[in-house]
Amino acid sequence: MINIRTALLGAGIAVFALPVLAENKDEPEKNPDDPTYSSFRLSQATADFDNLDPGFNLGYSLGFRLPEVEFLSVELDISSTVIPGENSGGVSEPIVNNNDDGGGGILDPILGGGGSDGGGNSSSGGGKNTRSNNELLLNTLGIFGRIETPRSLSNRFFGTARFGYSYVDSSIPELIEDGRGGGSWGVGVGYRYGNDGRVELNFTQVAQDLQYLALGISF
6 MINIRTALLG AGIAVFALPV LAENKDEPEK NPDDPTYSSF RLSQATADFD
56 NLDPGFNLGY SLGFRLPEVE FLSVELDISS TVIPGENSGG VSEPIVNNND
106 DGGGGILDPI LGGGGSDGGG NSSSGGGKNT RSNNELLLNT LGIFGRIETP
156 RSLSNRFFGT ARFGYSYVDS SIPELIEDGR GGGSWGVGVG YRYGNDGRVE
206 LNFTQVAQDL QYLALGISF
């Protein structure tokens, strides 16, 4: 399964990179009166649970650049799982480290502190696991305000920041038990090709225990 995931991710990177490799500076310019743009992205979705492997989502964004302000835009995102994250086994009760042995010193990870079970075996520590054995499946919907460094600073390379709201539906109850929606933010770096194309690597904190690392192409 890991080999399949790696192959698919590599294929996605190759597909997204093709427009850059085949850049044509003589291509016709996009209608300057059209402030909209679209983007597709492949995301690695990581949940903060020790028993869950990352999954992969396919996403789409529709963007609207604010008139006369090229570096500000609004984006509507949708995303859905195409390769679920494997679950190595849930637990009936959350794993909590209540053992005070070792004092919680900053050298505990090096010296092996943090308590033992009396038989010489270290305790489970502060690991966090899901209660269910469900695979990681996600559907997300978000709206963001986006800031992009203007062409005047760098014609090709750029940075981005996004702030907004995300709605999450998941097969993992712990990801949605405190609510399905909340604040979300992201940062990214990218490369402009042609007149209006962009390839971007973006990190998004979707929810408290959920992050996306995405490679996308805009046009």
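Numbering (the numbering used here), first residue to last: 6 to 224. Built from N, CA and C at the ideal position, the CB exists for glycine as well.
According to DSSP, F69 shares a beta bridge with T41 and V79. G199 is not a Cβ neighbour of Y170, given a cutoff of 8 Å.
Here L158 carries a coil assignment [DSSP, helix/strand/coil]. Judged by their CB atoms, S44 and I177 are not nearer to each other than the 8 Å cut-off. Under the DSSP assignment, L143 falls in the beta strand (DSSP E) whose first and last residues are L143 to E153. Residue environment for N207: buried (at least 16 other C-beta atoms within 10 angstroms of its C-beta). The residue from L141, Q213 and R156 with its alpha-carbon nearest to that of N62 is L141. With a 10 Å radius around the Cβ and a threshold of 16 neighbouring Cβ atoms, D174 comes out exposed.
Distance from N92 to N139 at the Cβ level is roughly 6 Å; contact confirmed, criterion being Cβ atoms closer than 8 Å.
Cβ contact annotation for S137 (same chain, cutoff 6 Å, sequence separation greater than five): G95, in chain order. Rounded to the nearest angstrom, the Cβ distance from I83 to Y65 is 6 Å, consistent with a contact under 8 Å. Residue pairing from DSSP places I222 in a beta bridge opposite F45 and V204. Apart from sequence neighbours up to five positions away, the residues of its chain that approach P72 with a beta-carbon distance below 8 Å are P40, ordered along the chain. With a contact defined as Cβ atoms closer than 8 Å, F76 and P155 qualify at about 4 Å. Counting along the chain, the unbroken beta strand (DSSP E) around R197 starts and ends at G186 to Y198. Contact annotation: L57 and T135 have beta-carbon atoms nearer than 8 Å. By DSSP's assignment, T165 forms a beta bridge with E153 and G193. Note that the C-beta distance between R161 and Y196 is below 8 Å. CA-CA distance, G191 to L215, rounds to 12 Å.
Less than 8 Å separates the beta-carbon of F149 from that of E80. By the beta-carbon neighbour count (other beta carbons within 10 angstroms, threshold 16), G193 is buried. A direct Cα-Cα distance of roughly 12 Å separates V211 from D53. DSSP lists S48 and T86 as the beta-bridge partner residues of N62.
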